[in-house]
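Presented below is the structure to which this report refers.
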Amino acid sequence: MIDLSALREKPTLAGERVNLVPLSAEHADDFFESTRDEEIRRLTGSHRRPDHDEVREWCATRSDQLDRLDLAIIEEPGGRFVGALALEDLDADNESAGYRIALSAIEFTGQGLGKEATRLVLDYAFDRVRLHRVWLHVYAFNMRAIAVYRSCGFTVEGRLRDALLWDGRRHDALIMAMLESDFRRAAD
Ligand SMILES: CC(C)(COP(=O)(O)OP(=O)(O)OC[C@H]1O[C@@H](n2cnc3c(N)ncnc32)[C@H](O)[C@@H]1OP(=O)(O)O)[C@@H](O)C(=O)NCCC(=O)NCCS
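The sequence shown begins at 1 in UniProt numbering and counts up by one.
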């Protein structure tokens, strides 16, 4: 059975080069900037550009959410905001949840920060929340993200054809997922 209190009570998860902290109002300006980054928008398929007020409201209300977990990714040392991630779309009956991550600018990618953040939150998802399944969607062109997810233990389960229409071209999305048994195997 999953432990809902582990989603309700927002943790701080300490790694070597990143710390994950509860996403809150103090991250709103940095978060807003990331929604304006064209390459991050393409990689995440984000058509909407939320306005500043929407982003402030979103960040300020994350700690009130009982059935999801939103964490800011903070680079250490330095304490710079470099992105955000979430466990969302909880299906408590089936002990499953969705995962999403986005570093906030391309300059932060390719340094191992995303992989470390993903490993930290997966430890929490399987060990503390006691989920059975964590799944995600990733666009088939996003080779860096696919490589990171694979190396963390995710497996491709399927393909959503033409799921994204971006600048007049259609792209497939992949469904990837990781089960608790994959997590235990990766930890061995
Ligand atoms: C996807 C994301 C979280 C990955 O985090 P990251 O910190 O950039 O990635 P890392 O540096 O930890 O790892 C990159 C890995 O991908 C590999 N990689 C990079 N580009 C690649 C490519 N074109 N083809 C194959 N592998 C690639 C690297 O070799 C590295 O693997 P290694 O550690 O085994 O050498 C981050 O890049 C990000 O947030 N990107 C922008 C938004 C986004 O794409 N979000 C995901 C939406 S599903």
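No residue lacks a Cβ here, since even glycine has one placed at the ideal position from N, Cα and C. Everything numeric in this text was worked out from a predicted model, so none of it was measured.
Taking C-beta separations shorter than 8 angstroms and ignoring five residues to either side along the sequence, the partners of Gly112 in its chain run Arg17, following chain order. Counting only runs of 3 or more residues that sit fully inside the region 150-184, the beta strand (DSSP E) segments are 155-166, 169-179, in chain order. Beta-bridge pairing by DSSP links His137 to Ile175.
Collapsing the DSSP output to three states places Gly114 in a helix. Closer than 7 angstroms to some heavy atom of ligand 1: that describes the Cβ of Leu103. Selection Tyr139, Ala145, Gly78 evaluated against Leu160 yields Tyr139 as nearest (Cα-Cα). When beta bridges are read from the DSSP output, Gly98 appears opposite Glu88, Trp135.
Contact check between the region 128-145 and the region 50-58: fewer than three CB pairs, one atom from each, fall below 8 angstroms, which does not count as touching.
In this structure Gly158 is exposed. Its beta-carbon is surrounded by fewer than 16 other beta-carbon atoms within 10 angstroms.
Set against 7 angstroms, the gap from the CB of Ala145 to the closest heavy atom of ligand 1 is smaller. A residue is called buried when at least 16 other Cβ atoms come within 10 angstroms of its Cβ; Ile74 meets this threshold and is buried. Taking 8 angstroms as the upper bound for CB-CB distance, Arg56 and Ala25 are in contact here, some 7 angstroms apart.
Between Leu23 and Leu71, the CB-CB gap stays under 8 angstroms. A distance criterion of 7 angstroms places the beta-carbon of Lys10 beyond contact range of ligand 1, judged by its closest non-hydrogen atom.
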